[in-house]
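Protein chains in written order, with the working numbering: chain A, 2 to 378; chain B, 2 to 378; chain C, 2 to 378; chain D, 2 to 378.
Notes follow once the structure below has been shown.
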C-alpha cells in the first residue's frame with residue numbers, strides 16, 4: 002500500500018503557472034499522490050485538463066461543494082487528506098474555511114484571505130479543528146533563507162538593529178501607462194484583488210520574510226504608497242517605515258513599477274555583530290558580513306549549514322536548485338505535519354503568518370490614507 | 002485513459018541523488034507515470050524503496066532480466082515504454098543494449114558506455130531498432146544554454162573563432178591526499194569507472210556542450226592530464242587543446258582538484274562579430290558581448306529568447322529555475338519523441354553525443370599517454 | 002611659461018586621507034601646481050609636512066589669515082588662483098567666505114557649511130564676487146554617473162517615476178556600542194560635526210546624487226532617523242521618503258550602523274521606459290534595463306558613452322579607474338572654469354548643490370523631530 | 002630643500018596613455034618631481050607638450066643622447082636620478098642600457114627588450130652598475146594581488162597543485178578581419194613589436210603574475226598559438242600548457258581575438274588546502290576558497306591584509322582604487338629603493354622578471370613553431 006498522501010487540488014488548471022509550481026513541488030519528495038481535483042469551474046475544461054496531465058477522471062469533480070461532499074462519503078483511509086487552494090484570491094477564505102470545518106488539511110496560496118477579519122475567523126477555525134494549514138510564501142522554502150533564520154536565531158549577527166527589504170518588480174509598468182490596460186487588469190481592481198495591489202501582492206511577502214528570518218515582530222508602520230493615474234488609485238508602489246522596537250527600525254520597499262525589474266526581492270539584516278544579506282534572484286548565495294573580517298558567502302548543501310537548511314537541499318553544492326525546490330520544501334514540511342512526523346516550525350508558513358500578513362496589508366493602507374502616520378500592527 | 006508515458010527505472014534507489022533528479026524531472030510536465038522498477042539489485046531493498054516512495058509493488062521486479070521478460074509478456078498498450086538507466090557505469094551498455102533490442106526507448110545516464118567500441122555497437126543497435134535514445138548531459142537542458150545554441154546558429158556572433166570551456170570541481174582534493182581514501186574511492190579505480198576519471202566524468206560534459214552550442218565538431222585534440230600520486234595514476238585534472246578547423250582553436254580545462262570549487266562549469270564562445278558566455282552555477286544569465294557595444298545579459302522566459310529556449314522555462318522571468326528543471330526539459334523532449342510528436346534536435350542529447358563522447362575520452366587519454374601529441378577525433 | 006593653475010591648500014596635512022585624495026586628483030591632468038599651503042594650524046607641523054612632500058617653504062604660511070594677506074600682496078599673475086578647503090567642517094564657511102571676498106576661486110570639501118543660513122550667505126557672496134566654487138561631492142565625478150545623467154537627460158528611461166538611493170556604511174557600529182568610544186568620537190558630537198551625523202555625512206551625498214542624475218528637485222521629505230543609545234542622540238541611521246512631484250516618489254536610505262558595510266552607495270532610477278542602476282563600490286558598471294529586453298551593462302571609455310562621460314576616462318576600457326579618478330575629474334572641470342574654458346554644468350558640483358544640501362540636512366532633522374511629518378524642501 | 006626624487010621621462014608625450022599613467026602614478030605619494038624629459042623625438046613637439054603640462058623648458062632636451070650628456074654635466078645632487086622609459090619597444094634596450102651604464106636608475110615599460118639575449122645583457126649591466134631597475138608589470142601593484150602573494154607565501158592554500166591564468170582581450174578582432182588594417186597595425190608587424198604579438202604583449206603579463214603570486218618558477222611550456230589569416234602569421238591568440246614541477250601543472254590562456262573582451266585578466270591558484278582567485282577588471286575582490294567552508298571575499302584596506310598589501314591602499318575600505326593606484330604602488334616601491342629605504346622584494350617587478358619574461362616569449366614561440374612540443378624555460 003502506498004504511503005503517499007492523498008492530495009486534492011482546487012484551481013491551477015489550464016495554463017496556470019501556479020498549478021505547475023504546486024504539482025512539481027508536491028512530486029519532489031515522492032510524498033503526495035494527486036487524487037482528485039477541481040482544476041476549473043467549467044467541468045468540461047476541468048476534465049480535459051485532468052486528462053491532459055494523465056489523471057483518471059473518477060475524482061475529478063464538477064465543483065468544490067460536490068468534491069467536499071463526495072470525499073466525505075469515502076472512508077477516512079481513502080479520503081483526500083490535504084487540499085491545495087489555488088483559486089482566485091476571493092475564494093481562498095470560503096474554501097479554506099469549509100475544508101477545515103470538514104477536517105481537511107489545507108495548503109493555501111497567498112493572500113490567505115481578502116480581509117484581516119476573515120483571517121481571524123480562519124485562525125479560530127484552524128485552532129478548533131486541529132488540522133494543519135500551510136500558506137505558500139514560497140521564498141521561505143529556499144535553503145539559504147532557512148540558513149539565515151538559523152544563523153540569526155543562533156546569534157550569528159547579535160541583536161538585530163536594522164532591517165531592509167526590497168521587493169521590486171516592473172511588470173505593471175507596461176500596463177499602467179495604457180488607460181485601457183490598466184482598467185482591464187484584475188490585479189488593479191479592488192473587488193477582485195483586495196484593497197491593495199503592491200502591498201497585498203508582494204509587500205506582504207517581504208513583510209513575512211522579515212519576521213520569518215529575524216524572529217521579531219513589527220510593532221508599527223508608516224506607509225507612503227503610490228499610484229500614477231487618478232483613474233486608478235490602487236497602490237502599485239510604496240515604502241513602509243518599520244519599527245520592531247524603540248531603536249530597532251527598518252524599511253520595506255515594494256514596487257511593481259520599478260521598470261524592467263523581474264522579481265528583485267532582497268533582504269538585509271544588520272545586527273550588533275554582523276549582517277546577513279540574501280537576494281531571491283540568486284537564491285543560492287547567502288552573504289555574511291562581520292566587522293573587519295572578510296565577507297563570507299555561504300551556499301546550500303555544505304555541512305556548515307544548519308540541519309533546517311540542509312533538509313531543503315537535494316543535490317551536492319554547485320547544482321543550483323531554484324524556486325520549484327523552494328516550494329517543494331514547503332510541501333515536504335507539510336507532508337511531515339500531515340503524517341504526524343516531527344517538523345521544525347518554519348518548514349511551512351503558518352496560519353499566524355497569514356493573519357499577520359492581512360493585518361500588515363490593511364494597516365499600511367490605513368497609514369497611507371490617514372496621511373502617512375504611524376499605526377500599530 | 003491516461004496519456005502518461007509508462008516509465009521504468011533501473012537503479013536510483015535508496016539515497017541515490019541521481020534517482021531523485023530523474024524522478025523529479027520526469028514529473029515536471031505531467032508526462033511520465035512511474036510504472037515499474039528495479040531500483041536496487043537486492044530485491045528486499047528494491048521493494049522497500051518502492052514502498053517508501055508510494056509505488057504499488059506489482060511491477061517492482063527482482064532483477065533486470067525478469068523485468069524485461071515480464072514486461073514483454075504484457076500487451077503493448079500496457080507495457081513500459083521507456084526505461085531510465087541509472088545503474089553503475091559498467092551496466093549502462095548491457096542494459097541499454099538489451100532494452101533497445103527489445104524495442105524499449107532508453108534514457109541513459111552518462112557515460113553511455115565503458116568504451117568507444119561499445120558505444121559504436123550501441124549506435125548500430127539504435128539505428129536497427131528504431132527506438133529513441135536520450136543521454137542525460139543534463140546541462141544542455143538549461144534554457145540559456147539552448148538560447149546560446151539558437152543564437153550561434155542564427156549568426157549572432159558570426160563564425161566561431163575561439164572556444165574556451167572550464168569544468169572545475171574540488172571534491173577529489175579531500176580524497177587524493179589521503180592514501181587510504183584515494184585507494185578506496187570507486188571513481189579512482191579504472192575497473193569501476195573506466196580509463197579516465199576527470200575527462201570521463203566531467204571533461205566529456207564540457208566537450209559535448211562545446212559541440213552542442215557551436216554546432217561544430219572537434220577535429221583533433223592534444224591533452225595534458227595530471228595525477229598527484231604515483232600509486233594512483235587516474236587523471237584527476239587536465240587541459241585539452243582543441244582544433245575545430247585550421248584556425249578555429251580552443252581549450253578545454255577540467256579538474257577535480259581545483260580545491261573548493263563546487264561545479265564551476267563555464268563556456269565562452271568567441272565569434273567574428275560577438276561572444277557568448279555562460280556559467281552553470283548561475284545558469285539563468287547568458288552574457289552576450291559585441292565589439293563597442295554595451296554587454297547584454299539575457300535571462301530565461303523573455304520573449305526575446307528563441308522558441309527552443311522558451312520551451313524550457315516554466316515560470317515568468319525572475320523566478321529562478323535550476324538543475325532539476327534542466328533535466329526536466331530533457332525528459333520533456335524525450336516525451337515528445339516517444340509520443341511521436343515534433344521535437345527539435347537538441348531537446349535531448351542523443352546517441353551520437355554518446356559515441357563522440359566516448360571517442361573524446363579515449364583520444365584524450367591516448368594523446369596524453371603518447372606524450373601530449375595531436376590525435377584526430 | 003607654465004600654464005599650470007597656482008593652487009593653495011588649507012588643511013589636509015599629516016596622515017590626512019582627504020589631503021592625499023585632493024593632491025592626487027589635482028595632479029591627474031597636469032593642470033595644477035601646488036603653490037602654497039597651510040596644511041596644519043601648527044606652523045612647525047605645517048612646514049614639516051611641506052618638506053615631507055617636497056615643497057619649497059616660501060609659501061607655507063603660519064596661518065590662514067597670513068596666507069590670504071601675503072598672497073594678496075603678490076601680483077595677480079603670481080598669486081594663488083584657487084584654494085582647496087580641507088579643514089574641519091566648522092571652518093569651511095569662514096574660510097570660503099574670506100577667500101571669495103578676496104577674489105579667490107574655491108574648491109570646498111563637503112559639508113559646505115554648518116547651517117543652511119551660512120550656505121545662503123555663501124551663495125550670495127559667490128554671486129557678488131564672480132569666482133568659481135566647486136563642492137567635492139566626489140562620486141559625481143565617476144564616468145558612469147555622468148553617463149547616467151546624460152542618458153536620463155536624453156530620455157533613455159523616459160519620465161522618471163521612482164527613485165531609490167542607498168548609502169550604507171557600518172563603521173560606527175564598532176563605536177556606538179562602547180559608551181566611552183561613542184562619547185569621544187567627533188562625528189557624534191553636534192558642536193563639531195553639525196546637527197546631523199548620518200544625514201549630514203552621507204545622506205546628503207545620496208540626496209545630491211539623486212538630483213544630479215535625474216535633473217529633478219526634491220519637493221518634500223518625511224524622515225525617520227535613528228540612534229541606539231539615549232546618551233547619544235545624533236542620527237546614525239535613517240530613511241527619508243521623498244517627493245519629486247505628485248506621483249514621483251522615492252526613498253533615500255542611509256546608515257552608519259549597517260554592520261560591516263563599507264561604502265555601499267547605490268542609486269536606482271526608474272522611468273516610464275527604462276531604468277538605470279549604479280553602485281559606488283563597482284563604479285565602472287552602469288546597468289540599463291528596458292522592459293522585455295536584455296539588460297545592458299555599460300562600461301567607461303566606450304564610444305557609446307556621452308562626451309560628458311568620456312571626458313572623465315583616461316585609459317581604454319577594462320583598465321579600472323577609481324575614486325581618485327572621480328575626484329580628478331572634478332578638479333579637471335574646475336580647471337576649465339578657472340582658465341575660462343568651456344565646461345559642462347555638472348563637471349563639478351556647485352554652490353547650489355551646497356545650498357540645497359544644507360537645506361536637505363536641516364529639513365530631514367526637522368521632519369524627524371516634529372514626528373516624522375512631511376516638510377517642504 | 003625638497004626630498005622629491007628628480008625624475009626624467011623618455012617618451013609618453015602627446016596623447017600617450019602610458020604617459021598619463023606614469024605621470025599620475027609618480028605623483029601619488031609626493032615622491033617624484035618631473036625634472037626633465039624627451040617626450041617626443043620631434044623637439045618642437047617635445048617642447049610644446051612640456052609647456053602644455055606646465056613644465057619649465059630648461060631640461061626639455063632635443064634628444065635622448067643630449068639629455069644624458071647634459072644631465073651628467075650637472076652635479077650629482079641636481080642630476081636626474083631615475084628615468085622612465087616609455088618609448089616604442091625597440092628603444093627600451095638601448096636606452097635602458099645607456100642609462101644604467103651612466104649610473105641612472107631605470108623604470109622601464111614592458112616588454113623590457115626585443116629579445117632574450119638583450120635581456121641577459123641588460124641583467125649583466127644591472128648587476129655591474131648597482132642601479133635600481135623596475136619593470137612596469139602594472140598589475141602586480143594591486144593590493145589584492147599583493148595579498149594573494151602574501152597569503153600563498155604564508156601557507157594559506159598549502160602547496161600549489163594547479164594554476165590557471167587567463168588574459169583575454171578582443172581589440173584585435175576589429176582589425177584582423179580587415180586586410181588593410183591588419184597590415185597597417187604596428188602590433189602585428191614583427192619588426193616593430195617583436196616575434197610575438199599576443200604572448201609578447203599580454204601572455205607575458207599572465208606568466209609574470211603566476212610566478213609573482215606563487216613564488217614558483219615555470220619549468221617548461223607547450224604552446225599552441227593561433228593566427229587567422231595566412232598573410233599575417235603573428236600570434237594573436239594562444240594557449241600554453243605549464244609545468245612547475247612533476248605534478249604541478251597549469252595553463253595560461255591569452256587572446257586578442259576574444260571578441261569584445263576588454264582586459265579580462267584572471268588568476269586562479271589551487272593549493273592542497275585552499276584556493277585564491279583574482280580578476281583584474283574587479284581588482285578589489287580577492288576570493289579565498291577552502292574545502293567545506295564558506296567562500297571568503299577579501300577587500301583592500303582591512304586590517305586582515307598583509308602589511309605588503311596595506312602599503313598599497315590609500316583610502317579606507319569601500320573607496321575603490323584602480324589601475325593608476327596599482328602603478329602608483331610600483332612607483333612608491335621604486336622611490337623607496339632609490340632613496341635607500343627598506344622595501345619588500347615584489348614592490349616593483351625586477352630585472353629578473355624581465356629576463357624570464359623574454360625567455361617565456363621566445364620559448365612559447367619556439368614550442369609552437371616546432372610542433373607544439375615541450376620546451377624548458
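Built from N, CA and C at the ideal position, the CB exists for glycine as well.
All values reported here derive from a predicted model rather than from experimental measurement.
Residue i to residue j span [Cα, whole Å]
i: residue 107/C; j: residue 343/C; result: 18 Å
i: residue 244/D; j: residue 165/A; result: 50 Å
i: residue 125/C; j: residue 133/C; result: 13 Å
i: residue 247/D; j: residue 151/D; result: 25 Å
i: residue 174/A; j: residue 52/A; result: 37 Å
i: residue 58/D; j: residue 260/A; result: 57 Å
i: residue 2/A; j: residue 122/B; result: Residue confidence for residue 2/A is low, a pLDDT of 38 falling below 50, so the modelled location carries little weight; the figure read from the coordinates is stated next. Each residue's alpha carbon lies about 42 Å from the other.
i: residue 363/D; j: residue 187/D; result: 19 Å
i: residue 157/D; j: residue 293/A; result: 19 Å
i: residue 90/A; j: residue 182/A; result: 21 Å
Contact under 8 Å by Cβ, residue i with residue j
i: residue 4/C; j: residue 55/D; result: yes
i: residue 200/B; j: residue 255/B; result: yes
i: residue 110/A; j: residue 127/A; result: no
i: residue 258/D; j: residue 229/D; result: yes
i: residue 120/C; j: residue 359/C; result: yes
i: residue 365/D; j: residue 219/D; result: no
i: residue 324/D; j: residue 303/C; result: no
Segment limits, alpha helix (DSSP H) that includes residue i
i: residue 339/D; result: 324 to 339
i: residue 122/B; result: 117 to 130
Presumed contact (8 Å Cβ cut-off) between residue i and residue j, rounded CB distance
i: residue 168/B; j: residue 207/B; result: 5 Å
i: residue 305/A; j: residue 26/A; result: That pair is no contact at about 26 Å.
i: residue 273/B; j: residue 135/B; result: Not quite, the Cβ-Cβ distance comes to about 33 Å (not below 8 Å), so this is no contact.
i: residue 225/A; j: residue 250/C; result: 7 Å
i: residue 289/A; j: residue 277/A; result: 6 Å
i: residue 11/D; j: residue 88/D; result: 5 Å
Extent of the continuous beta strand (DSSP E) to which residue i belongs
i: residue 139/D; result: Unbroken run through residue 139/D: none, as it is neither H nor E.
i: residue 349/A; result: Premise fails: residue 349/A is in no beta strand (DSSP E) and is neither H nor E.
Legend entry - Residues from the segment 337 to 366 of chain D in contact with chain C, defined by Cβ distance under 8 Å: Here the close residues number zero.
Inset, instruction - Determine which residues of the segment 270 to 298 of chain B have a Cβ less than 8 Å from any Cβ of chain D, and write them out in chain order. - result: Per Cβ criterion, the list reads 271, 272, 273, 274, 275, 276, 290, 291, 292, 293, 294, 296.
Inset, instruction - Closer than 9 Å, Cβ to Cβ, to anything on chain A: give me those residues from the segment 40 to 55 of chain B, in chain order. - result: Using a CB distance below 9 Å, the part of the segment 40 to 55 of chain B facing chain A consists of 52, 53, 54, 55, ordered along the chain.
Inset, instruction - Would you list, in chain order, the members of the segment 6 to 21 of chain D that have their beta-carbon closer than 8 Å to a beta-carbon of chain B? - result: Cβ contacts with chain B come from no residue of the segment 6 to 21 of chain D.
Inset, instruction - For the segment 302 to 327 of chain C, enumerate the residues whose C-beta is nearer than 8 Å to any C-beta of chain D, in chain order. - result: Listed by position along the chain: 315, 316, 317, 318, 319, 320, 321, 322, 323, 324, 325, 326.
Inset, instruction - Select from the segment 250 to 262 of chain A all residues with a C-beta closer than 8 Å to any C-beta belonging to chain C, and list them in chain order. - result: Answer in chain order: 250, 252, 254, 256, 258, 259, 260, 261, 262.
Legend entry - Residues of the segment 24 to 35 of chain A with Cβ closer than 8 Å to any Cβ of chain B, in chain order: So the close ones are 24, 25, 28, 29, 31, 32, 34.
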